[in-house]
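Student: Here it is, the structure in full.
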């Protein structure tokens, strides 16, 4: 048998090409799948991609992604398929496409990129999405379905319908139906509008928007009606969101002010260091987390009693050290406690740091609850809102149902009479002030989850707190709750059109004007207690 | 000296006012002499830097006198006088900005640098007229005066007094601070107004202008003091003191208490505005920091330390505290807030009458010491 010399040389070349490939690579079905990708025409490449998808090979996702990202190359000499790990510089680190084994660096001149065009890119994206839809976890499938919205084209429509039939999860099915409907809308199917009715997804809205501007009057009409409906729903959502943020801000105000409602409202003591007591509570949380590294949740729970204690002790020190000497001189009390607040702030700056400290949010408090596609509630704010209500309820119980509460009310209404009935007024003063201060500490613990913990933390809340107490009516805990929540909501309602700072200014001006009209606040005290 | 001007002349016949004016004028003359007559190397020479620093203290002293007028004699603890001070300062600052002309960084003949930076193409309406000195000087009085008039009218009419008034004055200055921090307000935002060149044609960096400003501040303080003294000694002043000590009783005697309160409050705000206007060219900047509630409370401390309801006590307090602040922030800045906070506590708890109370105690003959002239614990009705 004679072989023509030219043919012989070709054979030798072929051998040379094939030789470096190991025997296992030749057996690998992957090699057969990848080989057609290096085709002369894009149409043939498309077929090869289909084949890879149909093969169900576990590596196909990686290949398709690499192909989409321009990372799939073929070595010019060996014909080996490689993935480029990083295409910067002259020599690129590469890995074998079949085995994933790192092959060191190769000169980019030795590599041939498998290029694609736009049609293939679309096909690849769709194919990857369909691959994701076959994931095992429901949440991954939902995510994949959500990402498909607006990305469906004619080539994907058919496989998607198959996927929908096989899908168990109703939510995934609904999302895929919507994705298909968007595609049908794009090709002018009026009936598709009905499937998209009421969806809040931004891509659905975009599709409906472009349909509303289309030449087909029937389609445009249907689409704009659906859009109006969606707009209505969104408005409601936005309203609910504003309300939620408003209540959240309000709950912070209530927490900050409720301690003041005890010391200022009930006892009549102006404590300008109240903000610093809040700060102490926040720093207690930070210190607890330093003491219990790796357990932020436990530390947070423990800092609720700890923050209360620290702030209450500080409050007792302030009461004994300063306020008791200034009884009946409210303006002097104001100045002296302001001095205390300066000292406390500087103390924290000197002893800990002038910079903000980070307080970790435990896992069970981070994240959010999704109500629907347009509305999700952040968990930490929800917790703080609940915490504020619990603290308020607890305080109400103490004031209404305990011996201490009774004595406090007696002493504030008529000190001399209370004393002659055997109530130790000085002790009641201390306990009340400790209670109000401790609640400020609790506010600090909660605030550490929402804002930065720094020496100026308290300062930012003191004016707001006084405003809340005065607005609600001094000496009235319910007034404080209503005032705090409503001021929070008003602030959030004003914010979208006025901006955050202007909204705050407007609220302040509103309160200043309100106090002129009703100097005793929303819920003024009546009867003897008001004479205090 | 009858009729209309008699009330203004009365203070000059008082021993205490004569003493105060004598000391003040002597101090002004001494500083001028030591600054001009002695060569720079002489140990007693007072540098222009120190002169400006003293000028700053004097403008603070005028501000403290204004606060003492309402707190000491009217019983209104204003925690927002910094706002009036800053408004006067901004009025002056706007005039000084317009005087820069085309010498700013961007060289725009009309717009201040920060407006060019914000891409504004014309002056906002409220900047019009500030190129004229007389207009700016009128605004120095008018801006704080109007704010005090509106605010005071609303507050006193509804009988908001005591702690409530203190808290809403604090809210007022806080709201203004937030507003002036906004760039859109057109007052330079965060950075405020600065980089001034000249005042009435005098170069602000020259030694002579600085000495002149110091003297002008001293004279303004003297005039402000005499004005306050005159108000306090007049029949109106007596009604004010009566209001402070027993508001309801004064009302029942037939006095329209809120009118007296409003008048004195507006006068005090205007004085604070003048103090701000004199302060700005000396320190060379005005920014929203002057509106901060802490600054306003600090002013009250100066008055409390010096002694309430004496006027001269306010001057002593302002100069002492600010001198201490200069020393402390230079030597150990961390300790200043401790010292300031400690002062607040010590003065209110241990020295309710302030330094002047101590002085008066030392100077008063023993047999007269029982006289109850204690403004800090008046026989006040329960009004809150």
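Residue numbers (the numbering used here), protein chains in the order written: chain A, 2 to 533; chain B, 131 to 514.
Cβ atoms here follow ideal geometry from the backbone N, Cα and C, with glycine treated the same way.
Using CA coordinates, which residue listed in B:325, B:195, B:470 is at the minimum distance from residue 411 of chain B?
Tutor: Closest by alpha carbon: B:325.
Student: Residue 451 of chain B by DSSP, collapsed to three states: which one?
Tutor: DSSP places residue 451 of chain B in helix when its eight states are reduced to three.
Student: Taking the straight line between their C-alpha atoms, what separation do you get for residue 172 of chain A and residue 202 of chain A?
Tutor: Looking at the two C-alpha atoms, the distance is approximately 14 Å.
Student: Using alpha carbons as the reference points, say which of A:401, A:254, A:391, A:301 lies closest to residue 446 of chain A.
Tutor: That would be A:301, whose Cα lies nearest to the Cα of residue 446 of chain A.
Student: Buried or exposed, going by whether 16 or more other CB atoms sit within 10 Å of the CB of residue 320 of chain B?
Tutor: It counts as exposed.
Student: Taking Cβ-Cβ distances shorter than 7 Å, what residues in chain A pair up with residue 300 of chain B?
Tutor: By Cβ distance, chain A contributes 464.
Student: Got a sec: is the Cβ-Cβ distance from residue 518 of chain A to anything in chain B below 8 Å?
Tutor: It does: the Cβ of residue 518 of chain A has a partner Cβ on chain B nearer than 8 Å.
Student: With DSSP collapsed to three states, give me the class of residue 213 of chain B.
Tutor: In this structure, residue 213 of chain B counts as helix in the three-state DSSP scheme.
Student: Return the CA-CA distance between residue 222 of chain A and residue 55 of chain A, expressed in angstroms with no decimal places.
Tutor: Going from the Cα of residue 222 of chain A to the Cα of residue 55 of chain A covers about 41 Å.
Student: Select from B:416, B:447, B:240 the residue whose C-alpha is nearest the C-alpha of residue 481 of chain B.
Tutor: Among B:416, B:447, B:240, the Cα nearest to that of residue 481 of chain B is on B:447.
Student: Would you call residue 272 of chain A buried or exposed, if buried means 16 or more other Cβ atoms sit within 10 Å of its Cβ?
Tutor: Its Cβ being crowded by 16 or more others within 10 Å, residue 272 of chain A is buried.
Student: Please go through the same chain and pick out, in chain order, the residues whose beta-carbon is closer than 8 Å to the beta-carbon of residue 194 of chain B, but skip the five residues on each side of it.
Tutor: Correct list, in chain order: 429, 432, 433, 436, 444, 445, 447, 448.
Student: With a threshold of 8 Å between beta-carbons, can residue 471 of chain B be considered close to chain A, or not?
Tutor: Output row for residue 471 of chain B: interface = yes.
Student: Under 8 Å, do residue 520 of chain A and residue 404 of chain B count as touching if we go by C-beta distance?
Tutor: No, they are not a contact pair.
Student: Excluding sequence positions up to five away, which residues of its chain have a Cβ less than 8 Å from the Cβ of residue 24 of chain A?
Tutor: Legend: pLDDT at residue 24 of chain A = 44, less than 50; position of this residue unreliable, value from coordinates given subsequently. Taken in chain order, the list of residues that qualify is empty.
Student: With distances taken Cα to Cα, identify the nearest neighbour of residue 464 of chain B among A:329, A:390, A:348, A:67.
Tutor: Minimum Cα distance to residue 464 of chain B is reached at A:348.
Student: Does DSSP put residue 92 of chain A in a helix, a strand or coil?
Tutor: Of the three classes helix, strand and coil, the one that applies to residue 92 of chain A here is strand, per DSSP.
Student: Name the one or two DSSP bridge partners that residue 75 of chain A has.
Tutor: Paired residue(s): A:82, A:113.
Student: Helix, strand or coil for residue 41 of chain A per DSSP?
Tutor: In this structure, residue 41 of chain A counts as coil in the three-state DSSP scheme.
Student: Let me know if residue 222 of chain B comes out buried or exposed under the rule of 16 or more other beta-carbons within 10 Å of its beta-carbon.
Tutor: Flag for residue 222 of chain B reads buried.
Student: Considering Cα atoms alone, identify which of A:278, A:286, A:260, A:114 is closest to residue 478 of chain A.
Tutor: Checking every option, the nearest Cα to that of residue 478 of chain A belongs to A:260.
Student: Give the interface partners of residue 351 of chain A over in chain B, defined as CB-CB distance under 7 Å, in chain order.
Tutor: In chain order: 464.
Student: Looking at the secondary structure, which residues open and close the alpha helix (DSSP H) in which residue 353 of chain A lies?
Tutor: Here residue 353 of chain A belongs to no alpha helix (DSSP H), and DSSP marks it neither H nor E.
Student: Buried or exposed: residue 422 of chain A, going by 16 or more other Cβ atoms within 10 Å of its Cβ?
Tutor: Exposed is the call here.
Student: Taking only beta-carbon positions, decide if residue 440 of chain B is within less than 8 Å of chain A.
Tutor: No, residue 440 of chain B does not count as interfacial toward chain A.
Student: List the endpoints of the continuous alpha helix (DSSP H) containing residue 336 of chain B.
Tutor: Where residue 336 of chain B is concerned, there is no enclosing alpha helix (DSSP H), given that its DSSP letter is neither H nor E.
Student: Counting only the same chain and skipping the five closest in sequence on each side, list residues whose C-beta sits under 6 Å from that of residue 92 of chain A.
Tutor: So the qualifying residues of the chain are 106, 108.
Student: Got a sec: is the Cβ-Cβ distance from residue 292 of chain B to anything in chain A below 8 Å?
Tutor: True, the Cβ-Cβ gap to chain A drops below 8 Å.
Student: Could you tell me which chain B residues have their CB closer than 8 Å to the CB of residue 54 of chain A, listed as they occur along the chain?
Tutor: None at all; the shortest Cβ gap to chain B is about 55 Å.
Student: Which residues in chain A sit within 9 Å of residue 312 of chain B, going by Cβ to Cβ distance?
Tutor: Those are 500, 502, 503, 506, listed as they occur along chain A.
Student: Would residue 254 of chain B pass as a contact of residue 399 of chain B if the rule is Cβ separation under 8 Å?
Tutor: Not a contact, by the Cβ cut-off of 8 Å.
Student: Check whether the Cβ atoms of residue 72 of chain A and residue 113 of chain A sit closer than 8 Å, and answer yes or no.
Tutor: No.
Student: With a floor of 4 residues, list each alpha helix (DSSP H) that falls wholly inside the region 259-343 of chain A, ordered by position along the chain.
Tutor: Here the runs fully enclosed are 275-292, 297-322.
Student: Name, going along the chain, the residues of the region 304-337 of chain A whose beta-carbon falls closer than 7 Å to a beta-carbon of chain B.
Tutor: Cβ contacts with chain B: 323, 326, 327, 330, 331, 332, 333, 335, 336, 337.
Student: List, in order along the chain, the chain B residues whose C-beta lies closer than 7 Å to that of residue 339 of chain A?
Tutor: Going along chain B in sequence order, the residues near residue 339 of chain A (Cβ under 7 Å) are 427, 474.
Student: Residues of the region 463-487 of chain A in Cβ contact with chain B at a cutoff of 7 Å, in chain order, please.
Tutor: Against chain B - using a Cβ distance shorter than 7 Å - the residues of the region 463-487 of chain A are 464, 467, 468, 471.
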